[in-house]
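For the record, the sequence lines run as chains A and B. Per the working numbering, the very first residue in the first sequence carries number 119; after that it's consecutive. Per the working numbering, the very first residue in the second sequence carries number 6; after that it's consecutive. A virtual CB, placed ideally from N, CA and C, is assigned to each residue, including glycine. A quick note: this is a predicted structure, and the numbers were derived from the prediction, not measured. Take a look at the structure set out below.
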Amino acid sequence: MKLLRKACILVMTAAVIFSSGCSLESKYDCEFFAMDTVMTINTYGSKSESAVKAAQNEINRLDKLLSVQKENSEIFKLNQSKKMTVSEDTLTLITRSKEIYTLTDGAFDISCEPLIREWGFYSGLENKVPSQKAIETALEGVGAEHIKIENSTVTLDDNTSLDLGGIAKGYASHKAAEILKDNGVTSALMSLGGNVRAVGSKPDGESWSVAITDPDDNSKSIGTLKISDKAVVTSGGYQRYFEENGQIYHHIIDTKTGYPADSGLKSVTIVSDDDALADALSTALFVMGLEKSEEFYSENSSLFGAVFITDKGEIYVTDNLKDSFMSEQGFEVISV
Amino acid sequence: MTNRIWIVVFSVVALLCLGIWLFISNVSSPSKVVGIYKDGSLVEKIDLNSVTDEREITLSGDFGDNVILVSNGRIEMKSADCPDKICVEHGELKSSSSPIVCLPNKVVIKFENSTDGADAKAGAVG
């Protein structure tokens, strides 16, 4: 009888171990289209489904608010009217964008809309190389000094228009991650069109493996980052471009020249706790180029880490990421 | 003595269970299972290794049709009426971190499990 009891305890213990193992593996995936891209949210744990739905709703809400092309969005209306009292989210993002403009000496600039339009990088427009005159005219309204904020009213100069495309997905992934956490999710991985955000670690406690796209062959990776609870955002000329007379023109416009940034980099990947900053810095450092980025890193190394891929295919990694980055190819380490 | 026998017996049973569980979890997640999604909803799940006859799947969207070609061990977007044709240029589906995506028609073709050890891919073109 005693033995039977022991046997029962043993079997029950095994059952508990098994069932807990299974519940750790319970996974809920969601895939949807928003912000002109495809998004996936992978979550683990029992509370996943409702949390993911809430996160998805939040991303869709922000898309309607911040889109430069949706006619009912606040940004669209602001670009039309040039003066508007905006919601808290829009105000937060415009304020933040101006701060990052200053931090990056203008390399990140949300007033780039007239330039992006000239180059035809909006859906429904034809890609074209603009005339020098058209670029000069567009440049007149470019720069954070043309955006004024008073309380919650934003005023734009007459020839200024905003495009939050370089920061909105980062902001959205931050908000979505907060919602997942508030709903009890402790392990999740999101990709908002290639902007990756990890909530916690994998269910087994391991770090997530986030591959970095090979700029020369998008089906391959150039290396892998091991991260937990961070955002990973890559900007690269390979993501959107067109060819005219044998010349490639990509979508990351240097607002100082009005032309696609030609800084010697193929892609920049930023790792940070701050999704919006990661999103904005991936563009800014791409525009700055390696040398200026190294300087920028030495002054702001507590804010982010970065992986650079140069036009020659060399990889440079900031020293705060050297232990979490792996690549079959050798890489140089950038120290503070 | 009998106590020890019981412990041995149940240890063996527990180990066997663990072995079976590991085996099942491996078998149930072969890397060649792909999912075809339209606007976030699963249209069809296919184990590419069990496909014997080549066939086409046609999905209709806002920008016309997407024709998906499935054959043994292989899936690709054969043709599409969408304006940019990025999905067709993608070619064969090769890795889980690079799904075939048609943004205009909201179609995604992807492996259901990781094929390259990565959980996500930064900078992937959506």
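message: Can you tell me whether B/Pro-109 is helix, strand or coil according to DSSP?
response: coil
task: Show which residues of chain A have a CB atom less than 7 Å away from the CB atom of B/Asp-150.
output: Chain B is shown only over 6 to 131; residue 150 of chain B falls outside these bounds and no answer can be derived.
task: Starting from A/Glu-149, follow its DSSP beta bridges and name the residues at the other end.
output: A/Thr-158
query: Which stretch, first to last residue, makes up the beta strand (DSSP E) that contains A/Tyr-367?
result: 365-368
query: Would you say B/Val-38 faces chain A, with C-beta separation under 8 Å as the test?
result: no
message: Can you tell me whether B/Ser-33 is helix, strand or coil according to DSSP?
response: Residue placement at B/Ser-33 is flagged as unreliable, the pLDDT there being 48, under the threshold of 50; a coordinate-derived value is accordingly withheld.
field: Cβ contact (3+ pairs, closer than 8 Å) linking the region 18-27 of chain B and the region 75-90 of chain B
entry: no
- prompt: In three-state terms, what does DSSP make of A/Cys-140?
  reply: Caution is warranted here: a pLDDT of 42 is assigned to A/Cys-140, below 50, making its placement in the model unreliable, and the coordinate value is therefore given only provisionally. Correct three-state label for A/Cys-140: helix.
Those residues which DSSP pairs with A/Phe-443 across a bridge: A/Leu-343
field: Closer than 8 Å to chain A by CB, B/Leu-4
entry: Since the first residue shown for chain B is 6 and the last is 131, residue 4 of chain B is missing from the structure and cannot be characterised.
- request: With a threshold of 16 other CB atoms inside 10 Å of the CB of A/Lys-251, please say whether the residue is buried or exposed.
  value: exposed
- request: Using a cut-off of 7 Å between C-beta atoms, extract the partners of A/Val-456 located in chain B.
  value: The question about residue 456 of chain A has no answer here: the residues shown for chain A are numbered 119 through 454.
- prompt: Is there at least one Cβ from chain A nearer than 8 Å to B/Lys-43's Cβ?
  reply: no
Reduced DSSP category for A/Glu-244 - H, G, I as helix; E, B as strand; rest coil: coil
DSSP bridge partner residues for B/Trp-26 (one or two, in chain order): DSSP lists no partner for B/Trp-26.
task: Reducing DSSP to helix, strand and coil, say where B/Ser-55 ends up.
output: helix
- prompt: Between A/Ile-234 and A/Pro-378, what straight-line distance do the alpha-carbon atoms span, to the nearest angstrom?
  reply: 10 Å
Proximity below 8 Å, CB of B/Lys-99 to CB of B/Gly-40: no
field: Pick from A/Thr-158, A/Ala-169, A/Ile-159 and A/Ala-152 that is closest to A/Asn-178, judged by C-alpha positions
entry: A/Ala-152
Neighbouring residues, chain A, relative to B/Lys-111 (Cβ below 7 Å): Phe-151
query: Just the Cα atoms here: how many angstroms apart are A/Ile-371 and B/Asp-67?
result: 30 Å
message: Across the region 323-343 of chain A and the region 434-446 of chain A, are there enough close Cβ pairs to call them in contact, namely three or more that are closer than 8 Å?
response: yes
query: Applying a beta-carbon distance threshold of less than 8 Å, which residues of chain A neighbour B/Leu-108?
result: Phe-151, Asp-154, Thr-155 and Val-156
field: Buried/exposed call for A/Ile-366, threshold 16 Cβ in 10 Å
entry: exposed
task: Please list the partners that B/Lys-83 has in chain A, where partner means a Cβ-to-Cβ separation under 7 Å.
output: The contacting residues do not exist; B/Lys-83 stays about 18 Å from chain A at best.
A/Val-314 burial status per 10 Å Cβ neighbour count (16 or more: buried): buried
message: I'd like the span of the beta strand (DSSP E) that includes A/Glu-258, first residue to last.
response: Premise fails: A/Glu-258 is in no beta strand (DSSP E) and is neither H nor E.
Nearest residue (CA-CA) to A/Ile-267, options A/Ala-295, A/Ser-241, A/Glu-231 and A/Thr-210: A/Thr-210
query: Taking DSSP as the reference, what is the three-state secondary structure of A/Ile-135?
result: In this predicted model, A/Ile-135 has a pLDDT of only 49, less than 50, meaning its place in the structure is not dependable enough to derive any value.
task: Taking only the alpha-carbon atoms, compute the straight-line gap between A/Lys-165 and A/Val-328 and give it to the nearest angstrom.
output: 24 Å
At least three beta-carbon pairs within less than 8 Å, the region 281-297 of chain A to the region 387-405 of chain A: yes
field: Sequence-distant residues of the same chain with beta carbon closer than 6 Å to A/Ala-295, five excluded per side
entry: Arg-315 and Val-317
Secondary structure of A/Lys-293, DSSP reduced to three states: helix
query: In chain order, what residues of the same chain lie with their CB nearer than 8 Å to the CB of B/Gly-96, ignoring the 5 residues before and after it?
result: Glu-81
Which of helix, strand or coil DSSP assigns to A/Lys-299: helix
- prompt: So A/Thr-304 is in the beta strand (DSSP E); what residue range does that whole segment cover?
  reply: Here A/Thr-304 belongs to no beta strand (DSSP E), and DSSP marks it neither H nor E.
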